[in-house]
Amino acid sequence: MRTTPAHQPDPQRRADWEIVADPTEAALLVVAEKAGLPHHDPRSQHKEISEISFDSARKRMTSICEMDDGSLVAYMKGAPEVLLPLCTHIYENHQVRPLSEEDRARILEINESFASDALRVLAFAYRPLEEELPEWEPEHVEREMVFVGLMGMMDPPREEVAPAIEKCKSAGIRPIMITGDHEMTARAIAVQVGLMEPDDRVLTGAKLDKLQDSEFISAIRDCDVYARVAPEHKMRIVDALKRDGQVVAMTGDGVNDAPAVKAADVGVAMGMRGADVTKEASDVILTDDNFATIVTAVERGREIYANIRKFVRFLLAANFDEIFLIFTMIMIGLPLPITPIQILWLNLATDGFPALALGVDPPEPGVMKRPPRKPGSKMMNRGMASFVVVAGFIAFLSSSFIFLWSLTIYGGWVPGVTGPLVDWGTSPWREVLRHARTAVFAGVVTFELMFVWNCRDEYRWVWETHIRNSRSLLAAVLVSIVLTLATIYVPFMQPLFQTMPLNAEDWFVIIVTCIPALLIPPHLIFGHKEEHEQIVHEN
687 MRTTPAHQPD
697 PQRRADWEIV
707 ADPTEAALLV
717 VAEKAGLPHH
727 DPRSQHKEIS
737 EISFDSARKR
747 MTSICEMDDG
757 SLVAYMKGAP
767 EVLLPLCTHI
777 YENHQVRPLS
787 EEDRARILEI
797 NESFASDALR
807 VLAFAYRPLE
817 EELPEWEPEH
827 VEREMVFVGL
837 MGMMDPPREE
847 VAPAIEKCKS
857 AGIRPIMITG
867 DHEMTARAIA
877 VQVGLMEPDD
887 RVLTGAKLDK
897 LQDSEFISAI
907 RDCDVYARVA
917 PEHKMRIVDA
927 LKRDGQVVAM
937 TGDGVNDAPA
947 VKAADVGVAM
957 GMRGADVTKE
967 ASDVILTDDN
977 FATIVTAVER
987 GREIYANIRK
997 FVRFLLAANF
1007 DEIFLIFTMI
1017 MIGLPLPITP
1027 IQILWLNLAT
1037 DGFPALALGV
1047 DPPEPGVMKR
1057 PPRKPGSKMM
1067 NRGMASFVVV
1077 AGFIAFLSSS
1087 FIFLWSLTIY
1097 GGWVPGVTGP
1107 LVDWGTSPWR
1117 EVLRHARTAV
1127 FAGVVTFELM
1137 FVWNCRDEYR
1147 WVWETHIRNS
1157 RSLLAAVLVS
1167 IVLTLATIYV
1177 PFMQPLFQTM
1187 PLNAEDWFVI
1197 IVTCIPALLI
1207 PPHLIFGHKE
1217 EHEQIVHEN
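All residue numbers in the sequence shown are consecutive under my numbering, ending with 1225.
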């Protein structure tokens, strides 16, 4: 068994070893060390003069080597079911004898036994060459081989893979394994990580070749594990999934994976051991070659998208209130309920700080237990638009009530009677208007600082969320409250913002009027209460 030296000691750490090339080759050197073979570079005895490279279609590779005595030997390793038909003899008990059918059956039985234990199995063979050929073609070299043996290698999945697959399934993401390994190996690993049940179907490349296009699409709908596949099979699977209306993310590392990675909606290349051409064809490069990192990236993406929706809902509803309030009061013949400087302050302090805090809000519970968004879906969908309009209209009613209440209580204003006869620029109406504007200003601030808590979660009522988890939002609300109170009660700021102090009765009316900001049903975001309740129950 000849391998290229892929496992070398770090000169800075002579007692340790690390893999610097192919892990499979490294595993072969490790087992040679364990078997007590001499510790030296294999190339000192074997001079490689040519190589027939491995590819996923051939599933084998061959090295032609010149020995110390000048003889030539071809060494082959690869998939047992591919290599065995090329063998005519077997090396056993230090002798070479013809390979019988009983030997073949026994070898294949051992191969399946290894594979069912989730081992990656390699077969080894060699052939003495009588003379050097002008060209080392596979059909001339890879024949009449002498079978040497099988080797099973443990290639266990990382510990975080099984939880990541479970998280994918709960998030509505369907993980699919496409491998060149033996069918039994693929099945054992898939069962081990929770990708499939022991009785589920595994499709091999040979089975896929027998399917027509219509049968192919039907077959891939309920099969999540594919074994012994070639690059063209990967491409066909990706294409069929896309034609079936699925959004496909494809990971790959080898050169042969590049077409399928490029054809997928999202191509993911391995950063540590991925080929350059595959990296160039990909949309995302996975720097740690860890499947769980992809799941983490999906989770972070959902969190960011959810936070964007949070502050968009908040800002749109807040601006809807202010615009409709001003428009309505002008239409009924009343003066502006809030001044331009107050509007500017609302946009900067009351809207700005909480909106920024929503952008960095902790993720909602169960963000990875929700179904994916449909391709082409808009952020401002019908449910979100309904939520914004309803919230904005409730805010408008609250602000309008505060404004009209203040004019009535402090100025004796009567709707439909007093309005057209009032000169709002003269005393005492000037002070009445200033008080009403201050009350509206405080009311809008109060409503928005209550409403912002209703924007934190699309699926739960305010009292079902964990308010203390959002320290940034708590800080933003506190800062907005302090600054707003300063504009109302600090003497030198009152002329600038055209405000005046409010009494306890004013604040009581304002707070009671703004309580509906906390009671807007979150299921309006969907438009269907049943869907909301189902998602909350699942979360």
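Cβ coordinates follow ideal geometry from the N, Cα and C atoms, glycine included.
* Sequence-distant residues of its chain with Cβ nearer than 8 Å to Ala1172 (five each side left out) -> Closer than 8 Å at Cβ, skipping near neighbours: Met1179.
* Val1163 versus Ala978 - alpha carbon distance -> Cα atoms of Val1163 and Ala978: separation of roughly 36 Å, rounded to the nearest angstrom.
* Whole-Å CB distance - Glu1008 paired with Val1131, under 8 Å assumed -> Not really, about 11 Å apart at Cβ, beyond 8 Å.
* To do: Could you tell me which residues DSSP puts in a beta bridge with Ser749?
  => Answer by DSSP bridge pairing, in chain order: Glu737 and Tyr761.
* To do: Helix, strand or coil for Pro1051, going by three-state DSSP, please let me know.
  => Per DSSP, reduced to three states, the secondary structure at Pro1051 is coil, with no helix or strand assignment.
* Asked: Can you name the start and end residues of the alpha helix (DSSP H) that Gln1180 belongs to?
  -> Looking at the DSSP string, the run of the alpha helix (DSSP H) that includes Gln1180 is Gln1180 to Phe1183.
* Asked: Are Ala967 and Asp951 closer than 9 Å when you measure CB to CB?
  -> Result no, Cβ atoms of Ala967 and Asp951 do not sit closer than 9 Å.
* To do: Quick one: residues in its chain with C-beta nearer than 8 Å to the C-beta of Pro849, no 5 flanking neighbours on either side, listed in chain order?
  => Here the set comprises Ala978.
* Asked: Just how far apart, CA to CA, sit His868 and Asp910?
  -> Spanning the alpha carbons of His868 and Asp910 requires a straight line of approximately 15 Å.
* Asked: Counting Cβ pairs closer than 8 Å, one from the segment 833–846 and one from the segment 790–810, do we hit at least three?
  -> Contact check between the segment 833–846 and the segment 790–810: three or more CB pairs, one atom from each, fall below 8 Å, which counts as touching.
* Asked: Are there 16 or more other CB atoms within 10 angstroms of the CB of Asn797, so buried, or fewer, so exposed?
  -> Around the C-beta of Asn797, 16 or more other C-beta atoms lie within 10 Å, and the residue is accordingly described as buried.
* **Spatial distance of Ala1004 from Val984 (CA atoms)** => The C-alpha of Ala1004 lies about 30 Å from the C-alpha of Val984.
* Quick one: Cα of Phe1000 to Cα of Pro1048, how far? -> Distance between the alpha carbons of Phe1000 and Pro1048 is about 16 Å.
* Asked: Cβ of Leu1093 within 9 Å of Cβ of Ala1122?
  -> Contact flag set, yes.
* Where does the unbroken beta strand (DSSP E) through Leu808 begin, and where does it stop? -> Note, Leu808: beta strand (DSSP E), Leu805 to Leu815.
* Since Ala1125 is in the alpha helix (DSSP H), which residue starts that stretch and which ends it? -> Looking at the DSSP string, the run of the alpha helix (DSSP H) that includes Ala1125 is Trp1115 to Asn1140.
* C-beta contact flag for Arg792 and Val768 at 9 Å -> No, Cβ-Cβ distance for Arg792 and Val768 is not below 9 Å.
* Helix, strand or coil: which one does DSSP assign to Gln781? -> In this structure, Gln781 counts as strand in the three-state DSSP scheme.
* Asked: Under the DSSP definition of a beta bridge, which residues are partnered with Leu972?
  -> For Leu972, the beta-bridge partners assigned by DSSP are Met956.
* What's the gap between the Cα of Arg860 and the Cα of Asp908? -> Computed Cα separation, rounded: 10 Å.
* To do: Check the DSSP bridge columns for Met863 and list the partner residues they point to.
  => DSSP lists Val911 as the beta-bridge partner residues of Met863.
* Pairwise C-alpha distance: Trp1091 and Ile1080 -> Using only the alpha carbons, I get a separation of about 16 Å.
* **Where Ala1258 falls: helix, strand or coil (DSSP)** => Because the chain spans 687 through 1225 in this model, residue 1258 falls outside it and cannot be assessed.
* **Residue environment, Ser749, which counts as buried when at least 16 other CB atoms sit within 10 Å** => With a 10 Å radius around the Cβ and a threshold of 16 neighbouring Cβ atoms, Ser749 comes out buried.
* Asked: Over what stretch of residues does the beta strand (DSSP E) that includes Leu836 continue unbroken?
  -> First-last of the beta strand (DSSP E) with Leu836: Met831 to Met840.
* Asked: Can the beta-carbon of Thr1036 be found closer than 9 Å to that of Thr1170?
  -> Closer than 9 Å, so yes.
* Asked: Distance, Cα to Cα, Gly871 vs Ile864?
  -> It is worth fixing the name first, because residue 871 is Thr in this sequence and not Gly. C-alpha separation (whole angstroms): 12 Å.
* Residue range of the unbroken alpha helix (DSSP H) whose run includes His826 -> Pro824 to Val827 is the extent of the alpha helix (DSSP H) around His826.
* Asked: Rounded C-beta distance between Val1046 and Ser1085? I'm assuming under 8 Å.
  -> Wrong, their Cβ atoms sit about 29 Å apart, outside the cutoff.
* Tyr761: buried (16+ other C-beta within 10 angstroms of its C-beta) or exposed? -> Classification for Tyr761: buried.
* Asked: With C-beta atoms as the reference, is Ile994 less than 9 Å away from Met1070?
  -> With a cutoff of 9 Å on beta-carbon distance, Ile994 and Met1070 are scored as not near each other.
* C-alpha distance - Tyr812 paired with Lys893, whole-angstrom precision -> Computed Cα separation, rounded: 30 Å.
* To do: Using 8 Å as the cut-off, classify the Cβ of Asp1007 as near or not near the heavy atoms of the ligand SAM, replying yes or no.
  => What this structure holds is no ligand at all, so the ligand SAM is not there to describe.
* To do: Give me the Cα-Cα distance between Leu1011 and Gln1028, rounded to the nearest whole angstrom.
  => Distance from the CA of Leu1011 to the CA of Gln1028, rounded to the nearest whole angstrom, comes to 14 Å.
* Could you please give me the residues that DSSP links to Ile1167 through a beta bridge? => Paired residue(s): none; Ile1167 is not in a bridge.
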